[in-house]
Amino acid sequence: MFPWLTAALLLPILGAVVVALLPSPSGDQPRTDLPQKVALGFSLLTLLLVAVIGVGFDVGGERYQFTETYTWIESFGAHYALGVDGIGLTLVILTAILTPVVILASWRDGDNGRWGVNSFFAWMLALEGLAIGVFAAMDVFLFYVLFEATLIPIYFLIGGFGGARRSYAAVKFLLFSLLGGLLMLASVVGLYVVSASSEGGPTYLLTELAPITASIDTVTGRWLFLGFFIAFAIKAPMFPVHTWLPDVAQESTPGTSVLLVSILDKIGTFGMLRFCLGLFPEASQWATPVVLVLAVASVLYGGLVAIGQKSIPRLIAYTSVSHFGFIVMGIFVLNSYGQIGSTLYMFNHGLSTAALFLVTGFLINRRGSQLIGDFGGVEKVAPVLAGTFLVAGLSSLSLPGLSPFISEFLVLVGTFTHNWWYAVFAVLGIVLAALYILLTYQRTMTGPTVEAVRGMRDLNLREVGALAPLLLLIVVLGFFPKPLTAIIDPAVGHTLEQVGVSDPQPDVPAPTAAEEEINQ
Amino acid sequence: MTSSSASLFPRLAEEGGHAVPVIHQVPADGVFALLWVIIALPALGAAIILLGGGNRTKGFAHLLGCATVLGSFAISLVSFFALLGRDETDRSVGQFLWTWVDAGSFRADMALLYDPLSALFLLLITGVGSLIHLYSIGYMEHDERRARFFGYLNLFVAAMLMLVLSDNYLGVFLGWEGVGLASYLLIGFWQHKPSAAVAAKKAFVVNRVGDIGMALGTMLVFATFGTVAFAPVSEVAGEAPTATMTALGLLFLLAACGKSAQVPLQSWLLDAMEGPTPVSALIHAATMVTAGVYLVVRSNFIYDYTEVAQTAVVVVGTVTLLWGAIIGCAKDDIKKALAGSTMSQIGYMMLAAGLGPYGYAFAIFHLLTHGFFKANMFLGAGSVMHAMNDDVDMRHYGALQKAVPVTFLTFAMGYLAIIGFPGFSGFWSKDKIIEASFGESTLVGLCALVGAGITAFYMTRVMLMTFFGQKRWEEGVHPHESPKIMTVPLIVLAALSVLGGLLLFGDFVTDWLTPAVGAVAHHELAFAPWVFSLIVTVVVAVGVTIAWLTVGRNEVPRTAPQNVSFVTRAARADLYGDALNEELLMRPGDRFVTGLVGFDDKGVDGVVNGTGTAFAGMSGTFRKLQTGYVRSYALSVLSGAVLVVVALLAVNLT
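First to last, the sequence lines map onto chains C and B.
Going by the numbering used here, the residue at position 437 of the first sequence is 437; the numbering climbs one at a time, nothing skipped.
Going by the numbering used here, the residue at position 634 of the second sequence is 1634; the numbering climbs one at a time, nothing skipped.
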């Protein structure tokens, strides 16, 4: 069978190499934008490839599909093994959709970097390939290696292109990530010890490892769980290990922020679902109360601090801390509503945050300042920009009819049925979201037009072209999320089965027969 | 409930002396197959206008906007008569469109429920909506963004129709926030004015507080019954614990308080008058703000099982009907006086809805008549503003009855209707509520009665200050009657204000609603109904007289006098609702956020940075790392990789 996932991983990396080797545009020649065009071409081809995988995915079939397994390092039990279930596939699709959007939106953002424009787009493609690999990895060792490898392109994207303090931001990001990586490494090594002493010898293959760790002794399981969990919590990021994100968002180009927050940070929450829950069911249940408290804290803390921000990208970063709180909450309430909601949330947050970062990026680029106070009355001069900003903002505050509503509501339903106290606190997040979005809209877009934005151009065709697919998806999936929920549902079912929990039952089950009658 | 009427409704479940109806849907055939089109038309209109962009749609947006709503009205009308022709037991029509959310055992459909309750709402929304759309063609004629205005109006109508047609709570939530969005966009339509932008945001945020109730309520419905659809819940509602029903009732009441501007979430409505006047008429008087009443009445199968929540609804309604009326007395801004009145009238509806099956039908009856006469008066106010160069201060009006005769006459019909002049629509609908509330409690009844007197006072004040007395016009103002496109809707609404009471003829409206909301034998009243009517009429007459004595006989000062009683000052300040919010929520909230931001920058970040660097022993490296990129990165990666290999080898070797 054709190795579809390997192809999806290698195609963008091949693209990265090609783009890197293209002749650098030199100052006196007319701009050809060749690196951009080639990069966009590769990312679109990758999207096509991933679309084929998505169409070929059999909803009623095996849990993991498009699997490829080759032994890599026999003495460690490491494999080159790829495969996707509905959860992994959802994130692969997200990655494939966002990369071309980001390339199109960042067309000129690589011009003034530390390195040439080629490297900017090459790193982006490299990141796409590695991210697809992370979401498709079926082997813990391979996952770890790819997890760490994604740091390389994003580190150069942050440190090479962006604001004045980008070096500080890049190093801060790297240190946080390396710390998390080290903790995970300890657990990865621990897993080796556990599996090596089992009957079949050492293995990192997820499908072989899960039965072994399911019967692991309690204390070991909890320690190993912690190594993974903390690494993922830093990645996500959750309160109180979130402080690297605002700095990075403030200094990066908008495109880099999208790749980081919309895609790479999802590795954290994806990892919790796949590895924490999949490998350590007992420890996951043990940790649930603490994790839920931290998640609710992230929701409220992120929302509150966002309200007080003066810089737009920092504000978006804090809203993401709040949103990641919801995602983690949904994962650890350990029921299908919460986890389907969380997986969907990862996808929807990817879209809405991308739209927010990109449209505000266009805004900031035009004004040369990212401070909210430097804007005012933009709607009057750039109505399309203001309108897209509003729609992106409304999706971020989970307006019903836009896709993030469904995921947030499902997470809250899951939380409510798990323990309604958490839901009562977390639901306050919807008021905070209304405040941080609409206050920003009011301050930047409404009122009298300030002098400095008087001549501002509205969005051009390229910028609209980059945002349109995002907004279209947000609306369509808001009314018809079935294409995603259909593939996520069985995958979550398998995960819950592994943890050994089932959904809570209603107290007074209502008959649904009457409904069925109508439906036929 | 007598046995003969019980046999008419075989599916009514007897509970505690009254009947809680069970919704039994029959498939949508015939004309009902077009139910979805009622929502789709204005939604399509909004999409074409808003996505097409202002310049491209300028030429036809207003026509398209009116056509879609008129089309929906036509289908609503045909459907209404089709429903009328059906057996009373077959008047709940269900139409399944598609499965919206399907996750585990959570399922919510895009499915519509067309029953006597939603049928009346459809007529109100599309009927009054059409008139207001037509009126807006004239009112917004000189606004360069008129196309967008019609796009927003269509969006509103679509969302409002979704709200009243959905067969489940999640779909209601969709419409609920959809109308909130439209309201936000339209309050802030003139967003270059900071006051409009702030008012829009305030409306949305306060409504979001109410939405907490909507969201948690929907979750609790699902957690309890395993579904969010009305029909199955209505079947088993009686088996749920009372505590659950009370919680549900209170949560949905919170939601209703937000949307319907009931105390304590009332503060946004007066500011919402920043929006263009047709918006105030359609959204902030006739339709959207009554959604809270709809929610309570629709959830009758919840409220009927919880006296605590019902009492809470009555209390909220009673407090608000007085609160709004008192505010209405002190406002010089004609739109704000009318807005206070709207709060107050919705208070009446809430009060009625809190009375249970006894009051549901009266709540809806008053909701309909109020939709007619308040839309009439808001559009009339718009017409006056049109004549007065957009001035809203009634102290600058006076003696307008000759200058704008059609507006004056139609406004007068609305006036007579709202104060409850015998024979006019408001007389019938308000009278019923006051009568019913005396059946509930003498105190509540007295409050409702006093409210009627205050209503008569403030509305007479508005009438006198606007149309009678001396001219107090600003210089250069030359009042003129509005064009036909604006006066014809006024005339139609005036006619409805006069004749709306016919809905009660032969108990039509109460009988019509019985299959949807249940019915109950009337409470024993201390007096015969006509005695109540007489008492109410006398109280109204007293209110009118006081207004005449204080406002009509004296010269109205062009600026508001400052040495006034504490009550007037309080009423001018909206009974300090905003001041309270400011002191209790906004300022402490601001301080808290500022503190938290400081804490995040210095505290969390400092500690994490500090421990991070100390832990890794890299405080020196930290600085060095910033200088040599590739080298330092390579070093980190390399040391990481070495660590992996070394660790694995070490473990492997032992």
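All residues carry an ideal CB built from backbone N, CA and C; glycine is no exception.
- Checking the DSSP bridge columns, you'll see B:Q1095 partnered with B:L1112.
- In this structure, B:T1487 and B:V1406 form a Cβ contact; the two beta carbons are roughly 5 Å apart against a cut-off of 8 Å.
- A residue is called buried once 16 or more other Cβ atoms fall within 10 Å of its Cβ, and B:G1059, having fewer, is exposed.
- Comparing alpha carbon positions, the residue from B:G1053, B:I1039 and B:V1031 closest to C:V384 is B:G1053.
- Judged by their CB atoms, C:I316 and C:Y436 are not nearer to each other than the 7 Å cut-off.
- Contact residues of the stretch 296-307 of chain C toward chain B are Y301, L304, V305 and I307 (C-beta to C-beta distance below 8 Å).
- Unbroken alpha helix (DSSP H) stretches of 4 residues or longer found wholly inside the stretch 1109-1169 of chain B: 1116-1139 and 1146-1165, given in chain order.
- The Cβ of C:V427 sits closer than 7 Å to at least one Cβ of chain B.
- Assignment of beta-bridge partners to C:S252 by DSSP yields C:G162.
- Residues of chain C with a Cβ closer than 7 Å to the Cβ of B:I1038 do not exist; the shortest Cβ-Cβ separation is about 17 Å.
- Classified as buried, C:T95 has 16 or more neighbouring CB atoms from the shown chains inside 10 Å of its CB.
- At the C-beta level, B:A1199 and B:A1272 come within 7 Å of one another.
- In this structure, C:M329 is the residue among C:M329, C:L471, C:T446 and C:T343 with its C-alpha nearest to the C-alpha of C:W420.
- Minimum Cα-Cα distance from C:L496 among the listed residues C:V17, C:L459, C:R63 and C:G361 corresponds to C:R63.
- No Cβ of chain B is located within less than 7 Å of the beta carbon of C:T67.
- Distance from the CA atom of C:L428 to the CA atom of C:D139, rounded to whole angstroms, is 39 Å.
- Within the same chain, and ignoring the five residues on either side of B:V1536 in sequence, the residues whose Cβ sits closer than 7 Å to its Cβ are G1420, D1431, I1434, L1449 and A1452.
- Within chain B, the C-beta atoms nearer than 8 Å to that of C:G341 come from A1103, in chain order.
- Put simply, the CB of C:P506 is near chain B, with a gap under 7 Å to one of its CB atoms.
- No Cβ of chain B is located within less than 7 Å of the beta carbon of C:F121.
- Contact annotation: C:L344 and C:S396 have beta-carbon atoms that are not nearer than 7 Å.
- Against chain B, the CB of C:Q250 has no partner CB under 7 Å away; the residue lies outside that interface.
- Using a Cβ-Cβ cut-off of 7 Å, B:E1177 counts as an interface residue toward chain C, since at least one Cβ of chain C sits closer than that to its own.
- Listed in chain order, the non-local C-beta contacts of B:W1190 below 6 Å within the same chain comprise A1196, local neighbours out to five positions each way being set aside.
- Residue contact check for C:P240 against chain B: a CB pair falls below 7 Å.
- Residue contact with chain C for B:P1194: present (Cβ-Cβ distance below 7 Å to some residue of chain C).
- Cβ neighbours of B:L1248 within its own chain (closer than 7 Å, five residues either side excluded): G1217, L1220, V1221 and I1302.
- The beta carbon of B:M1463 lies closer than 6 Å to those of Y1415 in the same chain, with the five residues before and after it left out.
- Between C:G159 and C:S187, the CB-CB gap reaches or exceeds 7 Å.
- Your pair B:D1393 and B:D1332 checks out as a contact, with CB atoms roughly 5 Å apart and the cut at 8 Å.
- Setting aside the 5 residues that flank it on each side, B:A1403 is surrounded in the same chain by P1479, each with a C-beta closer than 6 Å to its C-beta; the list follows chain order.
- For B:L1446, no CB of chain C lies under 7 Å from its own CB, so it is not counted at the interface with that chain.
- Taking all protein chains in view, the Cβ of B:T1559 is surrounded by fewer than 16 other Cβ atoms within 10 Å, so the residue is classified as exposed.
- The Cβ-Cβ distance between C:A354 and B:V1236 does not fall below 7 Å.
- Counting only Cβ-Cβ distances below 8 Å, C:L394 has contacts in chain B at L1181, in chain order.
- Sequence-distant Cβ neighbours of C:I216 in its own chain, meaning closer than 7 Å and more than five residues away, are V194.
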